[in-house]
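Quick note, the sequences are listed as chains A and B, same order. Count along the first sequence starting at 1, add 1, and that's the number in the numbering used here. Count along the second sequence starting at 1, add 36, and that's the number in the numbering used here. This report concerns only the one structure given below.
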Amino acid sequence: MADATTEVPLVRTGAFDLKWQPGFGVATMVCLVLLYAPMIVLFVFSFNGSDSITRWGGLPNWHWYTEAFADQEFRSAAMNTIKITVVATIISTLVATAAAIGTTRGRRFAGQGAIYTVVNLPLMVPEIITAIATLSFFSLLAQYAGINFGIGNLMLAHTVFCIPFAYMPIRARLEGMDERLEQAAADLYATPWQAFKRVTLPLLVPGISAGTALAFIVSFDDFTITQLVAGPGQTTLPLYIWAKTRRPLTPELNAMCTILLAISILFVVGSFLIANRRRSKTE
Amino acid sequence: MHGQAPSIAPRVAAAGEAAISIERVSKSFGGGEDIVRAVDDVSLAIRKNEFFTLLGPSGCGKTTLLRLIAGFEHPTRGRLLLDGQDISALPPFKRPVNTVFQNYALFPHMTVAQNIGFGLEMLGKPRAEISATVDRMLKLVRMEELKNRRTSQISGGQQQRVALARALAPQPKVLLLDEPLSALDFKLRKDMQIELKRLQHETGITFVFVTHDQEEALTMSDRIAVMNKGKVLQIGSPRDIYDRPAERFVANFIGDTNFLDAELESFASGIGTVRLPSGARMNASLPVDAAVSNGKVSVVVRPEHARLTRDLASAALKGKLDTVVYFGTDTHYHLKLASGEPFMVRQQNTRDGAAAFAAGEDVGITLSDNAVQVLRD
Ligand SMILES: Nc1ncnc2c1ncn2[C@@H]1O[C@H](COP(=O)(O)OP(=O)(O)O)[C@@H](O)[C@H]1O
Ligand SMILES: [Mg+2]
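Put into structure tokens, the structure is as follows:
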């Protein structure tokens, strides 16, 4: 829709405009360069023909990617990461959806505000503290109850810290949704379950896909908690890449990082597209 | 799942029988100091096939009363009957009542046809029946061409029609409409008023219509309940409400009114004799269902039930003409009565203009025999 707000002013008036202040352009450029230049360098050197990560040599080629994929430990770290991330993303999104519905729909109940705070608190707790707390929790569990879920420990830990990230966009979407739509469904003979399935859920898709994307990213690249909780044979990609930096650096590292980045981008773009398709349908 | 519209046990409907009975229903929100009595001890009987209007200012509890009927709220006290059956405890999806929401609340992720078919689908009707009914509804609201549009791609007036069709499709016993026309512009609104009357006539469904617009209420309704502060002040036909307001609030809310202090001298069978401030004695109608006693009363006179005259001897009231406002079809004369109170007379304009009065003139006011109404309060 073309309306007045999308019109580009042809003449700059003398009036104060926050968007047009001297230095803004330069500052923006500096930020963008600082943010993206290192990544571009990383990406470019993953195709390096020599074995230096700082000096270019030879012809660009896929050598370091072949190397990375041939690395048994890298593949197993990738497998671990995928297992943990998929489980944590799915479960945390489900729990977050239920929590968001519980805190925005139905009767107000005592302690609703408290629940909101409790769900979101982990976002504000320094991660190292969560990590150490989680570590001691699993140690206690192993010591006194003899329980160790193996890689399940990591899945559980990831699920838990992903919940607030998934919760935020879902809750925001629910709060923005007109409750009268659900009432209209009930008015038209939909049982609460039917109303949820046919009206609430389809309209919630953009929120859920944003929540899923956040949970995925947070779990996928988690280092601190994973580092402390991971047992032997539970190395994930970030841990493996970190370990690699302890040895002589080769562009193989660049290739691995690029793969990690590519997976993240693919996932985020995918969920963005889903959300957008739904949104353009409904708004 | 239901297979059938959640029907309430069939009974033979007697003529004029209540579709909905609201028995001493109250609904309050909050508690303690901050308690809001949104609906306060309301009793109403809405007849079958009636166009019944809830009229009152914003915040008087109209929406809450409608939501109580729909089942989105449950009464704090009292009960609601639909066709004689107590529905107070039923959830909305089990009440054969549909709502046209104030903002339409159309499902944005469905097409026009899917919206209209939603209720039937939830009732588990066969596909063929749903599509036939949807087509019939589209025709009824004259929206056939927009069947497959998304609801975000149609205008406000069209959304309004879809909301109507969606609520009518399951053939509810009662249709609830919450200020359905308030978002439309003047012209569209006038068209939709006629359209709504036609739909009600064609479907034979009982309409409960909410509005704060007195003119809309008067032109559309079979009966009107005037509400204020959670209470129903008066129920009656538009004529009753306009000509025979029971209370100052009703008289004030609907149309222009002159209030006078008067003295009730005697009364019998609904007619009393009042002495106006000028000393003139007039017959006056008494409020229905309310005890009156001789002594000081307030009376109202509608501006068009009074006429100006230069024959001061025969006039019931006398005064000085303050301002004259010309409106084309009629003229409003604002007077100051001899007793000091303001008074307005509305007179139809004629072509000759000979009878026109001028500001500053001393004039008399004659009242027809039925013009004076005694208020309850
Ligand atoms: N859910 C609610 N919680 C608290 N107060 C409410 C609620 N719904 C309505 N009210 C109050 O009840 C009164 C009547 O509201 P409403 O029925 O919406 O009036 P109307 O439709 O006539 O404008 C208002 O004072 C409103 O603030
Ligand atoms: Mg309202």
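C-beta: ideal position from N, C-alpha, C; glycine also.
*Any chance the region 148-165 of chain A sits against the region 226-245 of chain A, with 3 or more Cβ pairs inside 8 angstroms?*
yes
*Confirm the yes/no value for this check: CB of B/K98, any heavy atom of ligand 2, distance under 7 angstroms.*
yes
*Which term fits A/H64, buried or exposed, when burial requires 16 or more other beta carbons within 10 angstroms of its beta carbon?*
buried
*When you compare each of B/Q384, B/Q194, B/R202 to B/G153 by their alpha carbons, which one comes out closest?*
B/R202
*asked:* Does any residue of chain A have a CB that is nearer than 8 angstroms to the CB of B/N184?
replied: no
_Exposure of A/Q184, with buried meaning 16 or more beta-carbon neighbours within 10 Å_ = buried
*Quick one: is A/D18 buried, meaning 16 or more other Cβ sit within 10 Å of its Cβ, or exposed?*
exposed
_Cβ neighbours of B/K356 in the same chain (closer than 6 angstroms, five flanking residues each side left out)_ = K372, D398
_Measuring only the C-alpha atoms, how far is B/N406 from B/R280?_
10 angstroms
*Within 8 angstroms (strictly less), CB to CB, does B/T293 reach chain A?*
no
*Are the Cβ atoms of A/I116 and A/T104 separated by less than 8 angstroms?*
yes
*Hey, out of A/R248, A/G212, A/N255, whose CA is closest to A/R174's CA?*
A/G212
*Compile a chain-ordered list of the residues in the region 293-319 of chain B whose CB is closer than 8 angstroms to at least one CB of chain A.*
none
*Any Cβ of chain B within less than 8 angstroms of the Cβ of A/L254?*
no
*In three-state DSSP terms, what is B/Q383?*
strand
*Measuring only between beta-carbons, confirm whether B/A125 sits less than 8 angstroms from chain A.*
no
_Short CB-CB distance (under 8 angstroms) between B/H145 and chain A_ = yes
*Nearest-angstrom Cα distance between A/R172 and B/K233?*
42 angstroms
*Under 8 angstroms between C-beta atoms of A/I164 and A/V120*: yes
_Does any residue of chain A have a CB that is nearer than 8 angstroms to the CB of B/T135?_
yes
*asked:* Which residues in chain A have a C-beta closer than 8 angstroms to the C-beta of B/F154? List them in chain order.
replied: A186, L189, A191, R199
*Could you check the C-alpha separation between A/M40 and A/L240 for me, to the nearest Å?*
19 angstroms
*Is the CB of A/P203 under 8 angstroms away from at least one CB in chain B?*
yes
*If you draw a straight line from the C-alpha of A/M2 to the C-alpha of B/Q189, how long is it?*
Unreliable placement is indicated for A/M2, whose pLDDT of 41 sits below 50; the coordinate value is still reported in the next sentence. About 11 angstroms.
*Answer yes or no: the CB of B/D249 versus the heavy atoms of ligand 2, is any distance below 7 angstroms?*
no
*Measuring only between beta-carbons, confirm whether A/R76 sits less than 8 angstroms from chain B.*
no
*Rounded to whole angstroms, how far is the Cβ of B/V408 from the Cβ of B/A320, which I believe are closer than 8 angstroms?*
4 angstroms
*Just how far apart, CA to CA, sit B/N184 and B/E231?*
23 angstroms
*Is the Cβ of B/M158 closer than 8 angstroms to any Cβ of chain A?*
yes
*Pairing CB atoms from the region 247-262 of chain A with CB atoms from the region 65-75 of chain A, are three or more of them under 8 angstroms?*
yes
*Helix, strand or coil at A/Y359 according to DSSP, with G and I counted as helix*: Residue 359 of chain A lies beyond the range of chain A shown here (2 to 284); nothing can be said about it.
*Looking at the C-beta of B/F108, does it have a partner C-beta in chain A at a distance below 8 angstroms?*
yes
*asked:* Is A/R181 close to chain B? Criterion is C-beta to C-beta, closer than 8 angstroms.
replied: yes
*Would the beta-carbon of A/D188 be found less than 7 angstroms away from any heavy atom of ligand 2?*
no
*asked:* Within 10 Å of its beta-carbon, does B/C96 have 16 or more other beta-carbons around it, so buried, or fewer, so exposed?
replied: buried
*Within 10 angstroms of the Cβ of A/K20, are there 16 or more other Cβ atoms? Answer buried if so, exposed if not.*
exposed
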